[in-house]
Structure formats: structure tokens, C-alpha cells
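Take the sequence shown: its position 105, counting from 1, is numbered 1286 in the working numbering, and each next residue is one higher. We put the CB at the ideal spot given by N, CA and C, even for glycine. Nothing here was measured: the structure is a model prediction, and the numbers come from that model. Heads up, the thing below is written out as C-alpha cells.
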Amino acid sequence: MVYVIPLNLDKQTLTRLRHLTGTVHYQFLGFTINLEDCAIIDNFNSSAQNLTDVLAVRLIAPLLSHYAMGKPSPLTGRLIKFKDLPGGYAYEGAFINRAVKPLEWVFGDSPALLSDAAELLGGRRMSLGDVSAEISVLRYLPLTFILYVSDEFGASANILYDESAASFLPTEDLAVLGELTVLRIIAAKEMVLKKRFLF
């Protein structure tokens, strides 16, 4: 059974999102969002109704609403840490605990799965650190995930933003975007492992 969950977005926001994304059926972190009837489907787990409800209502709808009001800005190609975003230093500790640390814990023992999971989200492999991937989470808003592996010190990770990210979303929303993306990378890892088990 597929759960279709309504998003609370007004018509003006939906129109702006269609213009920004260039599509009606927007693929977002393993979700399909219908930008006409304002509904979302979780393509990873049709049985996780409660989790998808929470993500859609508490995180995704506000993010998309704020993103629709942003000012498109060309990518600079310069990657910055979260703390270097406007006011990012104040949120850095929370961001590390909610986004960076889970990335280390989940992928530290299986770093190659990071790029495999990112590819399920439309990401591409990069050559930073020991393993890395860039995911265009929202159009014009890529995030770069880097994992460093050390037998002596264990795994460490980083999440980098293009310098232009603040033109689309305030820093608090960019933190939520990072956290949400990590949750979906973890879900994608489970999908990768299931596929390998089946074949």
C-alpha cells in the first residue's frame, strides 16, 4: 500500500516551487512530491506511515515553503562548513550532534556504502576524503558529504554547503536540511543492503 500524505502548502508556494524545480513531480530525497495536488509519497518505505507523516509535516513542508521564497543564486563552487554560514557558529554543536555524528556512526564501519546510498538519492561520487558524495538536495542547493576513515581514530565526517546556500534558506533551515538528508541517506543505506541481500 502506498501512503499519500498531504502537505500544507498554499497555491502561491506550489506555483513558485514548480517554477524553481521545473517539474510537477519533484524527486526529493527519495520522496515524490506532487506540486499540483500538494501530496508526498515515500519511495523508500511505504509502510513507514508515521515516520513519513512526521518528516512531511514537521520538516519538509516548512523547508519547501521557505525554499520557495529564496532568491536563486548561482553556485559558487566554494564549499564551506556549517559554522561558516551566517550565524552557523551558534548552531554548530547541535548540527554536529544531529547530522555529522550519525553519519560517522552509521557509515564508519562501511564507508563505501555512503556513496552507494547517496546515488539512490540522485547523488554523485566525489574525490574528497576517503569517501564522499554530493547530493543536489534541492535545486541549486547541493550538500557534500565527506567521510574520513582511520584505524587509529575511527571515522570522522563533514557536511559542506556551497557558499551560495544562504541565499535560499536561513541557516536554521539549512541545518534541518542537513539533518533530514542524513536521515534519508541512512534509509537509502538500508535500501542498498536489501537489494544486495535479494540478489
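Residue pairing for Y1329: DSSP places it in a beta bridge opposite S1337. Sorting R1320, I1222, R1279 and K1192 by C-alpha distance to the C-alpha of L1201 places R1320 at the top.
Separation of I1316 and T1194 (C-alpha to C-alpha, rounded to the nearest whole angstrom) is 23 Å. Counting the other Cβ atoms within 10 Å of the Cβ of Y1270 gives fewer than 16, which makes it exposed.
Taking C-alpha positions only, V1281 is separated from E1360 by approximately 8 Å. Sorting A1275, P1351 and I1366 by C-alpha distance to the C-alpha of A1314 places I1366 at the top. When beta bridges are read from the DSSP output, P1323 appears opposite S1317. Secondary-structure assignment with DSSP links H1206 through a beta bridge to N1215. Nearest to A1336 by C-alpha distance, out of S1254, F1263, A1293 and P1187, is A1293. Measuring C-alpha to C-alpha distances from P1243 to each of L1328, N1189 and D1265 identifies N1189 as the nearest.
Across the structure, R1199 and Q1208 are spaced so that their CA atoms are roughly 12 Å apart. Counting along the chain, no alpha helix (DSSP H) covers D1223; the unbroken beta strand (DSSP E) around it starts and ends at A1220 to D1223. Of S1296, L1355 and Y1329, the smallest CA-CA separation from V1373 is found for S1296. Linking D1311 to L1245 through their CA atoms gives a straight-line distance of about 32 Å. DSSP, read as helix, strand or coil, puts K1262 in strand. In terms of CA proximity to A1356, L1266 leads the group E1344, L1266 and D1191. Comparing alpha carbon positions, the residue from A1298, H1247, I1241 and V1330 closest to R1377 is A1298.
In the DSSP assignment, P1187 falls within the beta strand (DSSP E) that extends over V1185 to P1187.
A straight-line Cα-Cα distance of about 16 Å links I1241 and R1197.
In terms of Cα proximity to K1375, the closest of E1344, N1226, T1213 and G1268 is N1226.
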